[in-house]
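K.L.:
Residue numbers (UniProt numbering): 1 to 473. Ideal placement from N, C-alpha and C gives every residue a C-beta, glycine not left out. Once you've had a glance at the structure underneath, I'll fire off some questions.
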């Protein structure tokens, strides 16, 4: 007589279920079959190929990192390990106008495109070719790709410091349409960065409109996060309004020496401008940001750490002030000598970070830079730090609500219909963690230390370390 097959391939028993909806947690079991959640509840007596005892652990949907620069990292499990280590199962790539396609440069791309690599890393002449490579690769995580404004401009605009000519704009619109038809999820821009400084609001809206017409989102790194942050945020809403595009405001902050407390102004602005524009935002739970080395950013910061430098790799991990002192020059001259490079900028206040994170439409994006020599600790620590800071140490949110904002909310914003919740029929992206032990261990001095308290991570039903199971979403 043949034995019947077990009901589930994996059965997680006695977990504290945080289902992603924000509803109160409850104790129960999760049955996984064929990459999906097959059942939830009291599954005592059910057979399974693997039974995981999860008493004392929370089970939540896999976390969704809505703001990454993992376009190249997703091809290598070692490069994406920082995300898996903190419970992230899905990453949104192509942010800040920086996507790995469509571009075949003859020389190394300008900043900030160099955050993804050099000329040899930009090997996809079309967005479709990039997505084909993703589909063919053993992906460790799920990928939600955006097409980037800066990448489009570098590939199409001759005088990149100014507005696109009519023919150049038509070329970029066509490439956005091609990217969306191939499977992109939206269009991103980084209006503060050199490739996009000459881009008008009308140009940006035309590209966002091409994306929105095919169901895409508009993700905006605003033109100024410092003294002009209010005007820049209004511009982002105006572009979204003109494009009829749902808006995501990237890594929102009130940064700079004179801008402490201006998060209150931003919250008022969201309420006013968001009355007729569907929007969400993201932020990370740190008072320092990180991007390419820039004298304007350095001038607005209390301190600057060198994250990487092509001509002086030995400077990574040191403060700009210390490097300048060793060289006997001023900080700005030292910064110039370090170019091209990246920095970590201490330029925010904790109260502003928390105020923005508490906005009901605020998701979490690590903005981690996986290829930096000495990265910002957010690369390894964002999600455990967020949960500890907002829900566990000094609770401003319930744990259930904090989990919703990194699971179901981003799934809703990016149109991921079968992600972000623990429910029958949903993809089995899942993280088991110990709320008491959960903590980020990455620091500015030692930024690559993995977090504690993450017990197991499942991507499409497969536990990490058992083979790549990610998908292009």
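In whole angstroms, what separates the C-alpha of residue 2 from that of residue 213?
P.N.:
Since pLDDT at residue 2 reaches only 40, below the 50 mark, its modelled position is unreliable, and no value is offered.
K.L.:
Taking 8 Å as the cut-off, does the region 238-252 touch the region 209-225 (at least 3 CB pairs, one atom from each stretch)?
P.N.:
In short, these stretches touch, since the Cβ pair count reaches three.
K.L.:
Just to confirm, is the Cβ distance from residue 140 to residue 468 under 9 Å?
P.N.:
The answer is yes: Cβ separation under 9 Å.
K.L.:
Alpha carbon to alpha carbon, what distance is there between residue 81 and residue 450?
P.N.:
C-alpha separation (whole angstroms): 9 Å.
K.L.:
Where does the unbroken alpha helix (DSSP H) through residue 149 begin, and where does it stop?
P.N.:
Per DSSP, residue 149 belongs to the alpha helix (DSSP H) from 149-156.
K.L.:
Considering Cα atoms alone, identify which of 116, 19, 261 is closest to residue 97.
P.N.:
Nearest option by C-alpha distance: 116.
K.L.:
Give me, in chain order, the residues of the same chain whose beta-carbon lies closer than 6 Å to that of residue 157; leave out the 5 immediate sequence neighbours on both sides.
P.N.:
So the qualifying residues of the chain are 164, 168.
K.L.:
Using only alpha-carbon positions, find the residue among 444, 425, 361 that is nearest to residue 381.
P.N.:
Selected option, being the one with the closest Cα: 444.
K.L.:
Is residue 184 near the ligand FAD, going by C-beta to nearest heavy atom under 8 Å?
P.N.:
No copy of the ligand FAD appears in this structure; indeed no ligand is present at all.
K.L.:
Do residue 260 and residue 352 have their beta-carbon atoms positioned less than 9 Å apart in this structure?
P.N.:
Yes. Within cutoff.
K.L.:
Quick one: residues in its chain with C-beta nearer than 6 Å to the C-beta of residue 155, no 5 flanking neighbours on either side, listed in chain order?
P.N.:
Excluding sequence neighbours, residue 155 sits near 103.
K.L.:
Hey, how far is the Cα of residue 109 from the Cα of residue 268?
P.N.:
When rounded, the distance between both Cα atoms is 38 Å.
K.L.:
What residue range does the beta strand (DSSP E) around residue 370 cover?
P.N.:
From DSSP, residue 370 is part of no beta strand (DSSP E); its letter is neither H nor E.
K.L.:
Quick one: Cα of residue 35 to Cα of residue 62, how far?
P.N.:
Whole-angstrom Cα-Cα distance: 13 Å.
K.L.:
Quick check on residue 363: does DSSP put it in helix, strand or coil?
P.N.:
In the structure shown, residue 363 sits in a strand (DSSP, three-state: E or B).
K.L.:
Taking the beta strand (DSSP E) that residue 279 falls in, what are its first and last residues?
P.N.:
It spans 279-283 - the beta strand (DSSP E) in which residue 279 sits, taken as one unbroken run.
K.L.:
Bridge partners of residue 308, per DSSP?
P.N.:
In DSSP, residue 308 forms a bridge with 342.
K.L.:
Report the start-end ranges of each alpha helix (DSSP H) in the region 90-169 that is 4 residues or longer and not cut off at the edges.
P.N.:
If we require 4 residues or more, the alpha helix (DSSP H) runs fully inside the region 90-169 come out as 127-136, 149-156.
K.L.:
Can you list, in chain order, the residues of its chain with a C-beta nearer than 7 Å to that of residue 439? Leave out the 5 residues immediately preceding and following it.
P.N.:
So the qualifying residues of the chain are 384, 388, 451, 452, 453.
K.L.:
What number of angstroms, rounded off, separates the C-alpha of residue 299 from the C-alpha of residue 424?
P.N.:
Straight-line Cα distance between these residues: approximately 52 Å.
K.L.:
Of all the options 176, 16, 37, which has the alpha carbon lying nearest to the alpha carbon of residue 429?
P.N.:
Comparing Cα-Cα distances from residue 429 to each of 176, 16, 37, the minimum goes to 37.
K.L.:
What residue ranges within the region 246-290 form continuous alpha helix (DSSP H) runs of no fewer than 4 residues, ordered along the chain?
P.N.:
Within the region 246-290, the complete alpha helix (DSSP H) runs of at least 4 residues are 263-273.
K.L.:
Considering just the uninterrupted stretch of the alpha helix (DSSP H) at residue 187, what are its terminal residues?
P.N.:
That residue, residue 187, is in no alpha helix (DSSP H); its beta strand (DSSP E) goes 186-190.
K.L.:
So, with DSSP's three-state summary, where would you put residue 239?
P.N.:
The answer is helix: DSSP assigns residue 239 an H, G or I state.
K.L.:
Does DSSP classify residue 353 as helix, strand or coil?
P.N.:
Three-state DSSP puts residue 353 in a helix.
K.L.:
What residue range does the beta strand (DSSP E) around residue 433 cover?
P.N.:
Start and end: 430-433.
K.L.:
Just how far apart, CA to CA, sit residue 422 and residue 59?
P.N.:
Straight-line Cα distance between these residues: approximately 9 Å.
K.L.:
How would you label residue 257, buried or exposed, when you count the other beta carbons within 10 angstroms and need 16 or more for buried?
P.N.:
Exposed is the call here.
K.L.:
With distances taken Cα to Cα, identify the nearest neighbour of residue 303 among 290, 310, 314.
P.N.:
Closest by alpha carbon: 290.
K.L.:
How is residue 16 classed by DSSP in three states: helix, strand or coil?
P.N.:
Residue state, collapsed to three classes: strand.
K.L.:
Do you know how far the Cα of residue 408 is from the Cα of residue 379?
P.N.:
Rounded to the nearest angstrom, the two C-alpha atoms are 22 Å apart.
K.L.:
Given residue 24, which residues of its chain have a CB within under 7 Å of its CB, disregarding the five upstream and five downstream residues?
P.N.:
Counting only Cβ-Cβ distances below 7 Å, and skipping sequence neighbours, we find 400.
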